[in-house]
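Numbering (this note's numbering), first residue to last: 7 to 327.
Each residue gets a CB set at the ideal place from its N, CA and C atoms; glycine is no exception.
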């Protein structure tokens, strides 16, 4: 009597044995973060706490935004601070919180771009046209320079009220507009032309090198009267309050552990009070906790997070060991 049971044909000398490298690759893929952990950590990545320097900067941005295009007298600000101190995050928060109005286009009312090292005027023109989603932004440096008049008209038609330039200290080191040693750079001279032509508030954000603006570009500096500064947090009560406020914004996981003053001070040791480093460490800790099936963070999780974020060969001391 024949056996009609179906058999699976899965063995042959022509089938390769499992490759060790492939097995290692699969094991590494299994070690990546889960989708649910990424979703919870994204909440922390999006969190923004209104600390004192951010509040002061937002007040200045609100004022400049309201004045932009209203008067012929130019208005502007330069914002100084170390990298990762929250300058760009504050602008993004400001831009996202702009109200709807018939007086301006929400997408283009406040635009920003990052200035590259040793920029030419054409690079700045191209970046601002991209921010306005202008369809034709390519071309040679000379072509883009000549297109600055197109940019001016685009800014006016878009009813742009404020321009934010990140890493703006690079403008002080671009080419000089003329051979004279006392002339401004091409970049700062172009911005002076832009401000005068379009009556737009201008914000320059960058490192402490921007403090050389009054000497390096006095004509542009005379149009930018406000100076604000954002520093890394000091290890004081303001930092503890900031950590607690941040933890309370993350509703999907229990971060009570970090709200204790001594743990907040450990976080300061780990991050130097730098906002970007803090958020990176907090996000990593949440990823680890979620994938471990834990609903609350603890010292072991933050110790592992520190090693992942800064590496095992880091020169920093792990304060959570």
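For residue 309, tell me which candidate among 48, 112, 327 and 292 has the shortest Cα-Cα distance. Within the chain shown, the letter at position 303 stands for residue 309. Considering only alpha carbons, the answer is 327.
Under a Cβ-count criterion, where at least 16 other Cβ atoms within 10 Å of its own Cβ denotes burial, should residue 15 be classed as buried or exposed? If you number the chain shown from 1, residue 15 lands on position 9. Residue confidence is low: residue 15 scores 44 on pLDDT, short of 50, so the model does not pin down where it sits. No coordinate-derived value is stated.
Residue 271 lies in the alpha helix (DSSP H); which residues open and close that run? Here the question's residue 271 lines up with position 265 in the chain shown. Where residue 271 is concerned, the enclosing alpha helix (DSSP H) stretches over 267–277.
In whole angstroms, what is the alpha-carbon distance linking residue 94 and residue 172? As a first step, residue 94 is located in the chain shown; it is residue number 88 there, counting from the start. As a first step, residue 172 is located in the chain shown; it is residue number 166 there, counting from the start. Taking the straight line joining both Cα atoms gives about 7 angstroms.
Under the three-state reduction of DSSP, which class applies to residue 312: helix, strand or coil? Along the chain shown, one-based indexing puts residue 312 at 306. In this structure, residue 312 counts as helix in the three-state DSSP scheme.
Report the residue ranges of all beta strand (DSSP E) runs contained in full by the stretch 55–132; include only those spanning at least 3 residues, in chain order. 82–86 and 116–120
Who are the Cβ neighbours of residue 272 in its own chain at under 7 angstroms, not counting the five residues just before and after it? Taking the chain shown and counting its residues from 1, the one referred to as residue 272 is at position 266. Closer than 7 angstroms at the Cβ level, and outside the excluded window around residue 272, lie 325 and 326.
Quick one, are the C-beta atoms of residue 90 and residue 293 less than 8 angstroms apart? Along the chain shown, read from residue 1 onward, the residue named residue 90 stands at position 84. Along the chain shown, read from residue 1 onward, the residue named residue 293 stands at position 287. No, they are not a contact pair.
Nonlocal neighbours in the same chain, by C-beta distance under 8 angstroms from residue 156, ignoring five residues either side: Numbered from 1 along the chain shown, position 150 holds the residue referred to as residue 156. Taken in chain order, the residues that qualify are 135 and 140.
Which word fits residue 109, buried or exposed, when buried means at least 16 other C-beta atoms lie within 10 angstroms of its C-beta? The residue you call residue 109 lines up with position 103 of the chain shown. So residue 109 counts as exposed.
In DSSP terms, what residue 302 is bridged to: Translated into the one-based positions of the chain shown, residue 302 becomes position 296. Looking at the DSSP assignment, residue 302 forms a beta bridge with 260.
Where residue 166 falls: helix, strand or coil (DSSP): Position 160 of the chain shown, counted from the start, is the residue given in the question as residue 166. Coil at residue 166, not helix or strand.
Determine the DSSP secondary structure at residue 321, reduced to helix, strand or coil. Position 315 of the chain shown, counting from 1, holds the residue named residue 321. Of the three classes helix, strand and coil, the one that applies to residue 321 here is coil, per DSSP.
Residues in the same chain with beta-carbon distance under 7 angstroms from residue 166, minus the five sequence neighbours each way, listed in chain order, please. By one-based count along the chain shown, residue 166 stands at place 160. Closer than 7 angstroms at Cβ, skipping near neighbours: 114, 115, 117 and 206.
Taking residue 73 as the reference, give the member of 201, 131 and 241 with the closest Cα. As a first step, residue 73 is located in the chain shown; it is residue number 67 there, counting from the start. It is 201.
My guess is that residue 161 and residue 131 are in contact by the Cβ rule of under 8 angstroms, so how many angstroms apart are they, rounded? By 1-based counting over the chain shown, the position of residue 161 is 155. By 1-based counting over the chain shown, the position of residue 131 is 125. Not confirmed; about 11 angstroms, so no contact.
Closest residue to residue 316 among 276, 307, 302 and 299 (Cα-Cα distance): Along the chain shown, one-based indexing puts residue 316 at 310. The residue with the shortest Cα to Cα distance from residue 316 is 276.
For residue 214, which of helix, strand or coil comes out of DSSP? Within the chain shown, the letter at position 208 stands for residue 214. In the structure shown, residue 214 sits in a helix (DSSP, three-state: H, G or I).
Same chain, Cβ closer than 6 angstroms to residue 224, five either side skipped, listed in chain order: Position 218 of the chain shown, counting from 1, holds the residue named residue 224. Answer for residue 224: no residue qualifies.
Should residue 56 be labelled buried (16 or more other beta-carbon atoms within 10 Å of its own) or exposed? Here the question's residue 56 lines up with position 50 in the chain shown. By the 10 Å Cβ count, residue 56 comes out exposed.
Please go through the same chain and pick out, in chain order, the residues whose beta-carbon is closer than 6 angstroms to the beta-carbon of residue 154, but skip the five residues on each side of it. Position 148 of the chain shown, counting from 1, holds the residue named residue 154. Cβ neighbours of residue 154 beyond the five flanking positions: 131.
Reduced DSSP category for residue 207 - H, G, I as helix; E, B as strand; rest coil: In the chain shown, counting from the first residue as 1, residue 207 sits at position 201. If DSSP states are grouped into helix, strand and coil, residue 207 belongs with the strands.
Of all the options 319, 64, 46 and 82, which has the alpha carbon lying nearest to the alpha carbon of residue 169? Residue mapping note: residue 169 aligns to position 163 of the chain shown, counting from 1. Residue 169 has its Cα closest to that of 82, out of 319, 64, 46 and 82.
Expressed to the nearest angstrom, what Euclidean distance is found between the alpha-carbon atoms of residue 19 and residue 137? In the chain shown, the residue the question calls residue 19 occupies position 13. In the chain shown, the residue the question calls residue 137 occupies position 131. At residue 19 the pLDDT is 46, less than 50, meaning the model places this residue with poor confidence and gives no usable figure here.
Going by alpha carbons, who is nearest to residue 219 out of 65, 84, 103 and 39? If you number the chain shown from 1, residue 219 lands on position 213. Minimum Cα distance to residue 219 is reached at 84.
Taking only the alpha-carbon atoms, compute the straight-line gap between residue 229 and residue 121 and give it to the nearest angstrom. The residue given as residue 229 occupies position 223 in the chain shown. The residue given as residue 121 occupies position 115 in the chain shown. Those two C-alpha atoms are separated by around 19 angstroms.
Let me see if you follow: with CB-CB separation under 8 angstroms, is residue 259 close to chain C or not? You won't find chain C in this structure, because it holds only one protein chain.
What residues in its chain sit with their C-beta under 6 angstroms from that of residue 3, if we drop five residues either side in the sequence? Residue 3 falls outside the range modelled here, since the chain spans only 7 to 327, and no answer is possible.
Output the boundary residues of the beta strand (DSSP E) element that contains residue 233. What you label residue 233 is simply residue 227 of the chain shown in a count that begins at 1. That run of the beta strand (DSSP E) goes 232–235.
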